[in-house]
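Scroll down for the structure; my scribbles are underneath it.
Have a look at this one:
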């Protein structure tokens, strides 16, 4: 069974631009979560989607948004990029929302210059 | 969500058992203990989880104390490839995972 796939693997953007990251969950998984990882803050939860609805949200500004499609694939968008948005963005999927292990992809490394 | 406390770093000799402790004294009755690990430049990898009873799978064993205020992850025969940051996380059903700083485990030859 294929794991969680994130594209692109690396991305370089300029301050003020916007970016869209993509995530394909494990087949059959209906829940997708997004995390941001930085050296200073560690792994921080962004949001979780289940059946195309946002079910949980972390403490990030409105510049960070996401969506989930009917095939469970998800995208995350960051608008008006700031230097501090440079991070590893991780997507994870699980079979159902309640008590089910998250399975992570290897992330998209975003660098904002 | 309950917070967890883990040692910042630990060493283990290759071939020996690695015992990673975690304190979660404020855990609630319906909260699970999850363990993940992250090897540099990769996404976190799920290891094991449990509620009350001890659990074992092909990767590790999870020992949860009777009062559920602490747990230990056991890697029975550590290898160099087990060098990673190990995260202990407490989460309720349907809740989001809140990662702490984890324990950096170094397995040495």
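Protein chains in written order, with our numbering: chain H, 78 to 190; chain Y, 40 to 148. Glycine included, each C-beta is placed from N, C-alpha and C at the ideal position. Just so we're clear, the structure is a prediction, and the values are computed from it rather than from any experiment.
The Cβ atoms of residue 63 (chain Y) and residue 124 (chain Y) do not sit closer than 7 Å to each other. Bounds of any beta strand (DSSP E) do not take in residue 162 (chain H), whose DSSP letter is neither H nor E.
Per DSSP, the unbroken beta strand (DSSP E) holding residue 147 (chain Y) starts and ends at 142-147. Using a Cβ-Cβ cut-off of 7 Å, residue 68 (chain Y) does not count as an interface residue toward chain H, since no Cβ of chain H sits closer than that to its own.
Residue contact check for residue 136 (chain H) against chain Y: no CB pair falls below 7 Å. Rounded to whole angstroms, the separation of the alpha carbons of residue 101 (chain H) and residue 183 (chain H) is 12 Å.
The three-state reading of DSSP puts residue 119 (chain Y) in helix, counting H, G and I together.
Here residue 126 (chain H) really is in contact with residue 145 (chain H); their C-beta atoms are around 4 Å apart, less than 8 Å. For the stretch 78-94 of chain Y, residues whose beta-carbon sits nearer than 8 Å to a beta-carbon of chain H comprise 80, 81, 82, 83, 84, 85, 88. Just so you know, the alpha carbons of residue 185 (chain H) and residue 80 (chain Y) end up roughly 10 Å apart. Contact fails between the stretch 149-160 of chain H and the stretch 53-63 of chain Y, because fewer than three Cβ pairs, one in each stretch, are under 8 Å apart. For residue 50 (chain Y), the enclosing beta strand (DSSP E) begins and ends at 48-52. Residue contact check for residue 141 (chain H) against chain Y: no CB pair falls below 7 Å.
Of all residues in the stretch 93-110 of chain H, those with a C-beta nearer than 9 Å to a C-beta of chain Y are 110, reading in chain order. Our two residues, residue 167 (chain H) and residue 112 (chain H), have alpha carbons roughly 5 Å apart in a direct line.
One Cα belongs to residue 94 (chain H), the other to residue 160 (chain H), and the distance between them is close to 11 Å. By the beta-carbon neighbour count (other beta carbons within 10 angstroms, threshold 16), residue 75 (chain Y) is buried. Per the coordinates, the alpha-carbon of residue 100 (chain Y) lies some 13 Å from the alpha-carbon of residue 90 (chain Y). Look at residue 153 (chain H) here: in three-state DSSP terms it is strand.
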